[in-house]
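Below: one structure, written as structure tokens.
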Amino acid sequence: MAEANNQVQHEYGGDQIQILEGLEAVRRRPGMYIGTTASRGLHHLVYEIVDNAVDEALAGFCDHIEVTINEDNTITVEDNGRGIPVDINHKAGRPAVEVVFTILHAGGKFGGGGYKVSGGLHGVGASVVNALSDWLEVRVYHEGKVYEQRYERGHVCYDLRIAGDCEEGKRGTWVRFKPDATIFTETTVYEFDVLKRRLREMAFLTKGLKITLTDLRKDPEAGDVWEPHTESFCYEGGISEFVTYLNKHKAPLYEQVMYFEGDRANVHVEVALQHNDSYNESIYTFVNNINTPEGGTHLEGFKTALTKIFNDYGRTNKIIKENDDNLSGEDIREGLTAIISVKIDDPQFEGQTKQKLGNSEARTAVNSVFSEQLTYFLEQNPQVAKVILEKAVLAQRARDAARKARDLTRRKSALDGMGLPGKLADCSDKDPKNCEIFIVEGDSAGGSAKSARQRATQAILPLRGKILNVEKAREDKIYGNAEIKAMITAFGTGIHQDFDITKLRYDKIIIMTDADVDGAHIATLMLTFLYRFMPELIKTGHVYLAQPPLYKLEKNKKTWYAYSDEELNQILTEVGRDNSNKIQRYKGLGEMDPEQLWETTMDPERRILLRVNLAEEEESDVDITFTTLMGDNVEPRREFIEKNARFVKNLDI
Ligand code: 1YM
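Following the working numbering, the numbering of the sequence shown begins with 37 at its first residue and continues without gaps.
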């Protein structure tokens, strides 16, 4: 710090003192500005700088952004836009570029025109990144000159200066920064895949913009042939291509992706959609390129318009019969993949996590642009309208059947008292905090587990064979499935809108399957069910995978268990490789006797449990993973399983 101060070459007037106080506030309470100082916040710094470059692209002056993870985990972002202005900003009396990096909230609110993507969590910008960086350097290419300035922990090191010449036509902004390790105490290591997912999303949302990500860090195992790892994203079709990408492992119901765009009352609206033959809806919404997982007014406007226009069309064209009910929104959205992206001047975020759009003008704008253009599209493409409506009519019938099945299950459980499934061996302790339930593949393993368990706190629910793949079944079939019904009643929480976590009967839900590819597949089917029907259980960390051993090793009356091939080799090296060990390879849980199952897999003192998380991924990627695993398309699934199945613990869901 002292060193940084010594380098400051100009005197501070009153304004400057205020500036420092502003950035000091960011350093004192970083969480207020970037949400968290964990890995997510670290990555957020990159998005803040990239957002300024994306703004420049949206304004029509830039078509390429390059992001580099340097060898020392610093980040460089460069664009080919106009360059942040280097002339004096009269209000501050300092060059505009210095103001951008040293005054809080000076981000993209200067100048006029275009929609400002006050990017990221709290719309803060370059000065926050500067405040939270050990150092930051900026270069502006302007009229054949390179301007540069450096800051350390937000303090100006020297006045903006000309560093040298560049090619006459070159223009743009270059920023390099090193996140401050005293702020980001958990980690300062960037993850390529995390940046890649967000940058790809940005590229989808900004048609024609090319974003390149390069990793210059050397993988310790890379030999002389090492090359930097680079990926580029550029989508001329924008969110239409996003929909194609999301549907890539699904079977679309019709060829073209519908795409609509328009402006109403200062709201810029873009919608892209296409149905596939599955039963799930995947709608992703964005405001100023920021994902709104909780939806909001833009989503409401879309849904209302979709339902109305399709019902109107169905009635007019007699696809919905005169005496039949209107189609519900859910019916029309069955198998729908859609992206809704709005740009708006002053987005208001609401909801528990501030991820829900509140501006009412967005509702009206999306409704109006989408209604008008969808009506026209359906008139021009009656064959598309027909396949969508036919699927919706089927969905309506299935939903009626499902409702009846669900009502029946509800009534039945009311009559049966608690109505716990017959196959469940419940625990005696009634305090959920102490209890766990093992979902076990196969009756024989279920039998071993029942003998092995600690009766007071461990419940066993054996499931027969592979459970139903919920990605490929309609709701009526799902509710009719005995294994699924058993899980729903055993957990006690209800599902979907009825879900209530306070009714959860066990603190841990432990999936216990064989340690082979089939077991991994069954575990994935269960996770798919949990993710689609009770995602909160995964999000709140109640779901676990048991880890049965692969090998048992005996020598001189001593026993070892190995949970991987590497571990087996390690043990063999330690105890010596000779014929006297009789290595036993477990093919399935059923091969272990109750005592072995207890000591290796179930005993809370000795077992290994893997908690299942939702990786900090873009929502849309989670969906793709499940589709890859559970959809009809065999090839991508085979690839994925070959890559991941042996390591279920790494399964990125
Ligand atoms: C690598 C990061 O920040 N690019 C960038 C930023 C700006 C401009 C161009 C820009 C904006 C405007 C006019 C305007 C910014 N300028 C400002 C401010 N890349 C990166 N590229 N001229 C240039 O908005 O009118 C803030 S951001 F305020 F100085 F104009």
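All C-beta atoms, glycine included, are put in the ideal place defined by N, C-alpha and C.
(message) Taking 7 Å as the cut-off, is the C-beta of D115 nearer than that to any heavy atom in ligand 3?
(response) With respect to ligand 3, the structure offers nothing, as its ligand set consists of ligand 1.
(message) So, at 6 Å on beta carbons, what are the nonlocal neighbours of L172 in its own chain, with the 5 sequence-adjacent residues on each side left out?
(response) Working through the sequence shown from its first residue, we reach residue 172 at position 136. For L172, where only same-chain residues beyond five positions count, the Cβ hits under 6 Å are N166, Y187 and F213.
(request) Could you check if Y194 is buried or exposed, using at least 16 other CB atoms within 10 Å of its CB as the buried criterion? (result) In the sequence shown, residue 194 corresponds to position 158, counting from 1. So Y194 counts as exposed.
(request) Between the Cα of Y295 and those of H285, E306, R175 and G244, spot the shortest distance and give me the residue it belongs to. (result) Here residue 295 refers to the residue found at position 259 of the sequence shown. Ranking the options by Cα distance to Y295, first place goes to E306.
(request) Compute the minimum distance between the beta carbon of E92 and the heavy atoms of ligand 1, and state whether it is under 7 Å. (result) Within the sequence shown, residue 92 is the residue found at index 56, counting from 1. E92 has its Cβ nearer than 7 Å to a heavy atom of ligand 1.
(request) Put T104 into one of helix, strand or coil per three-state DSSP. (result) The residue you call residue 104 lines up with position 68 of the sequence shown. Strand, per DSSP.
(request) Starting from E408, follow the alpha helix (DSSP H) in both directions and report where the run begins and ends. (result) Residue mapping note: residue 408 aligns to position 372 of the sequence shown, counting from 1. Start and end: S396 to Q416.
(message) Threshold first: 4 residues or longer. Then list the alpha helix (DSSP H) segments lying entirely within the stretch 74-128, N to C.
(response) 75-94
(request) Determine, using beta carbons only, whether P457 and A526 come nearer to each other than 8 Å. (result) Reading the sequence shown from its first residue, position 421 is the one you call residue 457. Reading the sequence shown from its first residue, position 490 is the one you call residue 526. Against a cut-off of 8 Å, the Cβ pair of A526 and P457 comes out as a contact.
(message) Give the list of continuous alpha helix (DSSP H) stretches no shorter than 4 residues that lie fully inside the stretch 458-499.
(response) Listed in chain order, they are 479-488.
(message) Taking only three categories from DSSP, how would you classify K145?
(response) To locate residue 145, count along the sequence shown from 1; it is residue 109. Annotation note: pLDDT 38 at K145 (below 50); position unreliable, no value reported.
(message) Using only CA atoms, which one of H532, I139, E179 and A199 lies nearest to L59?
(response) By 1-based counting over the sequence shown, the position of residue 59 is 23. Relative to the Cα of L59, the nearest Cα in the group H532, I139, E179 and A199 belongs to I139.
(request) Check whether the Cβ atoms of A89 and T209 lie closer than 8 Å to each other. (result) Locating residue 89 in the sequence shown gives position 53, counting from the first residue. Locating residue 209 in the sequence shown gives position 173, counting from the first residue. T209 sits close to A89, with the two beta carbons spaced by under 8 Å.
(request) Indicate the three-state DSSP secondary structure (helix, strand or coil) for L633 in the structure shown. (result) Locating residue 633 in the sequence shown gives position 597, where the first residue counts as 1. Three-state result, L633: helix.
(request) In the DSSP assignment, find the unbroken beta strand (DSSP E) run with G208 in it and report its ends. (result) In the sequence shown, residue 208 corresponds to position 172, counting from 1. Taken as a continuous stretch (DSSP letters only), the beta strand (DSSP E) holding G208 covers G208 to P215.
(message) Whole angstroms are fine: how far does the CA of Q310 sit from the CA of L342?
(response) Residue numbering aside, residue 342 sits at position 306 when the sequence shown is read from its first letter. Residue numbering aside, residue 310 sits at position 274 when the sequence shown is read from its first letter. Pairing L342 with Q310, the inter-Cα distance amounts to about 12 Å.
(request) Compare the Cα-Cα distances from E134 to each of A509, G190 and N592 and report the closest residue. (result) In the sequence shown, residue 134 corresponds to position 98, counting from 1. Comparing Cα-Cα distances from E134 to each of A509, G190 and N592, the minimum goes to G190.
(message) Quick check: what's the CA-CA separation for D229 versus I101?
(response) Counting from 1 along the sequence shown, the entry for residue 229 is found at position 193. Counting from 1 along the sequence shown, the entry for residue 101 is found at position 65. Whole-angstrom Cα-Cα distance: 17 Å.
(message) Taking the beta carbon of I198 as the centre, do at least 16 other beta carbons fall within 10 Å, making it buried, or is it exposed?
(response) Position 162 of the sequence shown, counting from 1, holds the residue named residue 198. The residue in question, I198, is exposed, as its Cβ has fewer than 16 Cβ neighbours within 10 Å.
(message) So the candidates are I520, A522 and R541; which of them puts its Cα closest to the Cα of T529?
(response) Position 493 of the sequence shown holds residue 529. The option with the nearest alpha carbon to T529 is R541.
(request) Tell whether a beta-carbon distance below 8 Å holds between L372 and E317. (result) To locate residue 372, count along the sequence shown from 1; it is residue 336. To locate residue 317, count along the sequence shown from 1; it is residue 281. Contact flag set, yes.
(message) Just verifying my parser: in three-state terms, what is the DSSP assignment at D251?
(response) If you number the sequence shown from 1, residue 251 lands on position 215. Three-state result, D251: strand.
(request) With DSSP as the reference, label I314 as helix, strand or coil. (result) Reading the sequence shown from its first residue, position 278 is the one you call residue 314. What sits at residue 314 in the sequence shown is Ser, not Ile. DSSP places S314 in coil when its eight states are reduced to three.
(request) Go ahead and label P705 buried or exposed: buried means 16 or more other beta carbons lie within 10 angstroms of its beta carbon, across all protein chains shown. (result) Residue 705 lies beyond the residue range present for the chain, which begins at 37 and ends at 689; the question has no answer from this structure.
(request) Could you tell me whether the stretch 375-387 touches the stretch 268-287, where touching means 3 or more Cβ pairs closer than 8 Å? (result) By the Cβ test, the stretch 375-387 is in contact with the stretch 268-287, since at least three Cβ pairs between them sit closer than 8 Å.
(message) If contact is defined by three or more beta carbon pairs under 8 Å, each pair taking one atom from either stretch, is the stretch 582-595 in contact with the stretch 508-527?
(response) no
(message) Let me confirm a value: Q494 is counted as buried when at least 16 other C-beta atoms fall within 10 Å, else exposed. Which label applies?
(response) Here residue 494 refers to the residue found at position 458 of the sequence shown. The residue in question, Q494, is buried, as its Cβ has 16 or more Cβ neighbours within 10 Å.
(request) Would you decide whether S695 is buried or exposed? Buried here means 16 or more other CB atoms lie within 10 Å of its CB. (result) Only positions 37 to 689 of the chain appear in the structure, and residue 695 is not among them; the question remains open.
(message) Restricting to Cα atoms, I'd like to know which of A556, E408 and V423 is closest to I368.
(response) In the sequence shown, residue 368 corresponds to position 332, counting from 1. Nearest Cα to I368 within the set A556, E408 and V423: V423.
(request) Please list, in chain order, all residues of the same chain as V62 whose beta carbon is under 7 Å from its beta carbon, the five residues on each side excluded. (result) In the sequence shown, counting from the first residue as 1, residue 62 sits at position 26. For V62, where only same-chain residues beyond five positions count, the Cβ hits under 7 Å are Y69, L140, V164, A167 and L168.
(request) Pull up the DSSP beta-bridge partners for G530, would you. (result) Position 494 of the sequence shown, counting from 1, holds the residue named residue 530. Note: G530 sits in no beta bridge, so no partner.
(message) Does F339 pass the burial test, meaning 16 or more other C-beta atoms within 10 Å, or should it be called exposed?
(response) Taking the first residue of the sequence shown as position 1, residue 339 is located at position 303. Checking the sequence, you will find Lys at residue 339 rather than Phe. Looking at its Cβ environment, which holds 16 or more other Cβ atoms inside 10 Å, K339 is buried.
(request) Could you tell me which residues DSSP puts in a beta bridge with L646? (result) Here the question's residue 646 lines up with position 610 in the sequence shown. In the DSSP output, where bridge partners are listed per residue, L646 has L581.
(message) On the DSSP letters alone, give me the boundaries of the alpha helix (DSSP H) that R233 sits inside.
(response) Locating residue 233 in the sequence shown gives position 197, counting from the first residue. Annotation for R233: the continuous alpha helix (DSSP H) segment containing it runs F228 to L241.
(request) State the Cα-Cα distance for the pair Y177 and K254, rounded to the nearest angstrom. (result) On the sequence shown, residue 177 is found 141 positions in, with the first residue counted as 1. On the sequence shown, residue 254 is found 218 positions in, with the first residue counted as 1. Cα to Cα, Y177 sits roughly 30 Å from K254.
(request) Check D536 in the structure and name its three-state DSSP category. (result) Residue 536 sits at position 500 when you count from the first residue of the sequence shown. D536 falls in the coil class under three-state DSSP.
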